[in-house]
Structures are given as C-alpha cells and as structure tokens.
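Here is the structure we will look at.
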Amino acid sequence: MHSSKDISMAAVGYMLLSTFSLSVTSVVIKLLGEVLSSDVLNAARFLFPSLILVPLFFARRARFPTSRQWPFILLRGVSLMLSQVCFLYAITHLSFFEAVVLFSTGPLFMAIFDMLLFRAKLSVMTISAILCAFIGVMIQAGGSGQGFAFSIATLIGLGAGLFNSASQLVMHGMVNNRLGPLSLNAWSLFIALLCALPFVNIANVDAVIVLLDWQVTGLLFLMGFTISMTQFNRSKAYQLATSSSLLSPLIFTNLIFAFFWQQVLFDEPMEKQKALGLSVVVVACLMRSMEPWLKSKINELAR
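In the working numbering, the protein residues as written are 11 to 313.
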C-alpha cells in the first residue's frame with residue numbers, strides 16, 4: 011500500500027511531466043507550422059499520437075468505453091480538434107508566448123462553464139481573475155501602437171483556451187468515472203482525427219510528401235510522442251490526485267516552460283504594452299489556478 015503522501019507526489023510528478031511535454035509540443039507545432047499547411051498539420055497533430063495510443067490500447071486489452079461514455083468522448087474529440095485549429099492559427103499569427111498564454115486561459119473558461127452548466131457560484135477571487143484576464147487582453151490587443159485593435163488572431167487564440175477548457179472538463183469527469191487514461195485519450199484523439207480529415211486539402215498532402223525529409227518526419231513523430239505523453243500524464247495526475255487544489259497551481263508551469271523556449275529558440279521581440287497585457291493575463295490565470303489551493307490552506311488553518 012502506498013501512503014497518501016506518495017500518491018500526492020506521484021500526481022505532482024505526472025502533472026509536471028504533462029506541462030513540460032505540452033510546452034515541447036507547442037515548440038514542435040511552431041516549427042512544423044513553418045513547413046506544413048495548417049490543415050495537414052492539424053490532422054497530423056491527431057494522426058501521430060493515434061498511431062501510438064490506439065495500437066497500445068489493443069495491445070494492453072484496455073476496457074472499451076461504455077455506450078454512456080461514448081458521447082462524452084465524442085465531445086472531447088470535437089473540443090480537442092477545435093482547440094487545436096484555433097491554437098494553430100494563433101501560433102502562426104502571434105508570437106510563440108502570446109499563443110501559449112491565450113491557450114492557457116482554459117481554467118478561466120472552466121469557471122464560466124461551471125456557472126452556466128452547473129449553476130455554480132463564482133467566488134470573488136474567480137470573478138476578479140476573469141476581470142483581470144479581460145483587462146490583460148485589452149492591454150495586449152492595444153500593443154500595436156495604433157490604439158486598441160482587437161485582432162482576429164487574439165480572438166481565435168482565446169477560442170483555443172475556450173475549447174481546451176471543454177476538453178479538460180470532459181477528461182476530468184471521465185477519469186473520475188472509472189474510464190482509464192489510455193482508453194479515454196486513444197479514442198478522443200482518434201475522433202479528433204476523424205473530425206479533422208474532411209478539412210484536409212489533398213493538394214496540400216501531395217506538397218507535404220514532396221517536402222518530407224528526416225527532420226520533418228522526426229518532428230512529426232516527436233509531436234505524436236509528446237502529445238501522447240501530455241494526455242496520458244495529465245489523465246494519470248487527475249486519477250491520482252486527492253483534490254483539485256493539489257494540481258491546480260501546477261497547470262501554469264506550462265507558461266514557465268513556454269517562456270524559456272521563447273527566450274532560447276525564438277527571436278520574436280515583443281512590444282512593452284503586449285508584454286504588460288500578457289503578464290496581466292498570466293496573473294489572472296494564476297489567481298484562478300491557485301484558488302483551490304488557497305481555500306484548502308484556509309480551511310486547514312480554520313480547524
């Protein structure tokens with residue numbers, strides 16, 4: 011028997027592995043976006059992890075989802091596909107760090123979903139975080155030096171966070187509903203692939219085949235591996251965590267990794283106003299993610 015402390019440490023470890031592999035995936039997608047068309051890259055983003063997870067599912071004889079679970083897996087697959095469409099557009103039209111920050115607004119949208127779907131009451135801290143994020147986006151949108159200009163790329167980047175939050179809500183519910191991480195992620199990614207395929211231009215596929223070399227092929231397989239690891243480790247972390255307050259503060263270590271990659275790999279200067287706006291959004295996201303942890307500490311002190 012493992013102690014609760016060991017289980018908590020394992021959950022933290024899985025979560026950190028998840029956020030690190032997610033940041034590496036973002037780097038790979040940024041690099042591939044310079045070579046591949048967006049429709050082909052979006053399909054490849056689900057094809058390569060599916061080539062890993064679906065055969066692994068059958069090899070390990072994992073349990074198939076029940077008829078009641080399939081609609082939620084379908085919803086998650088569609089959400090994953092829409093989130094990545096938005097993220098791919100944002101990462102090719104904004105700086106690397108801007109796109110990752112907007113994608114990471116998911117927890118703020120999760121709070122709004124809780125309010126709309128489950129009639130949950132928003133705390134003062136959550137409302138403050140949402141307002142703070144709104145102000146940050148306004149500042150960032152005015153960073154062009156030409157006054158306020160809410161770009162399409164910024165709006166679509168927020169759409170990546172919106173659909174990502176829907177995907178995370180379904181994943182959290184399904185993992186707690188006794189559906190294993192392998193089954194959940196294998197079929198969610200496969201459904202996302204099926205949703206992406208109708209939008210692929212065959213002419214673009216022919217062009218990609220001509221461009222394929224060992225570097226592009228290696229990046230594609232690396233993307234498949236890091237996506238698989240992100241999904242598996244995130245699901246495993248949720249499965250082991252004793253409470254959401256344990257994992258919530260760790261979600262935004264992704265931004266720390268992303269900032270590191272931005273400084274090391276990408277020469278994308280950022281205007282001071284854009285940097286300020288993004289900083290405000292990061293603070294808002296951190297406020298939201300830290301709230302469960304703060305509440306648990308307050309409850310411990312009150313005892």
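Beta carbons are placed, not taken as given, at the ideal position from N, Cα and C, and that holds for glycine. The structure presented is a predicted model; accordingly, all values stated were derived computationally and were not measured.
Cβ-Cβ distance between residue i and residue j below 7 Å
i      : j      : result
Gly171 : Leu127 : no
Arg73  : Ser238 : no
Leu232 : Val38  : yes
Val50  : Ala143 : no
Gly167 : Ala121 : no
Ser299 : Pro81  : no
Phe242 : Phe30  : no
Ala176 : Ser89  : yes
Ala139 : Met297 : yes
Gly234 : Pro65  : no
Arg244 : Ser28  : yes
Lys284 : Tyr24  : no
Phe123 : Phe276 : no
Residue of the options minimising C-alpha distance to residue i
i      : options                        : result
Leu92  : Glu301, Arg55, Ser238          : Arg55
Asn174 : Leu207, Phe107, Val95, Thr236  : Val95
Ser289 : Val45, Leu304, Pro59, Leu265   : Leu265
Met327 : Ser60, Asp124, Phe97, Leu250   : In the structure as shown, the chain begins at 11 and stops at 313. Residue 327 is therefore absent and cannot be evaluated.
Val226 : Ser36, Thr102, Gly43           : Gly43
Cys205 : Pro75, Ser77, Leu84            : Leu84
Gly146 : Ser133, Ala121, Val180, Thr115 : Thr115
Leu229 : Phe106, Ser36, Leu141, Met300  : Ser36
Ser48  : Glu278, Val274, Ala100, Gly23  : Ala100
Leu57  : Ile137, Thr236, Ser161, Gln178 : Thr236
Glu281 : Ala130, Phe30, Lys40, Leu104   : Leu104
Ile76  : Trp271, Gln272, Trp197         : The sequence shown places Thr at residue 76, not Ile. Closest by alpha carbon: Trp197.
Leu41  : Trp271, Gln283, Ser28, His182  : Trp271
Ala294 : Leu260, Thr136, Asn214, Val210 : Thr136
Leu63  : Ala285, Trp80, Leu275, Thr240  : Thr240
Phe200 : Thr164, Val34, Phe67           : Phe67
Arg71  : Gln150, Ile162, Gly190         : Gly190
Gly87  : Pro279, Val180, Ser161         : Val180
Span of the alpha helix (DSSP H) around residue i
i      : result
Gly228 : 224-250
Asn211 : Looking at the DSSP string, Asn211 is not in any alpha helix (DSSP H), and its letter there is neither H nor E.
Ala109 : 106-113
Leu265 : 263-275
Residue i in three-state terms, based on DSSP
i      : result
Met19  : helix
Gly2   : With the chain covering only 11 through 313, there is no way to say anything about residue 2.
Asn52  : helix
Ser77  : coil
Thr62  : Rather than Thr, the amino acid found at residue 62 in this sequence is Ile. DSSP places Ile62 in helix when its eight states are reduced to three.
Gly155 : Low confidence applies to Gly155: its pLDDT is 49, below 50, so where it sits in the model is not reliable enough to give any reading.
Ile137 : helix
Asn309 : helix
Arg86  : helix
Gly190 : coil
Glu327 : Residue 327 is absent from the structure shown; the chain starts at 11 and stops at 313.
Ala72  : coil
Ser31  : helix
Ala202 : helix
Lys131 : coil
Ser299 : helix
Ser177 : helix
Ser161 : coil
Interface flag, residue i vs chain C, CB-CB below 7 Å
i      : result
Ser177 : Any reference to chain C falls outside this structure, which holds one protein chain only.
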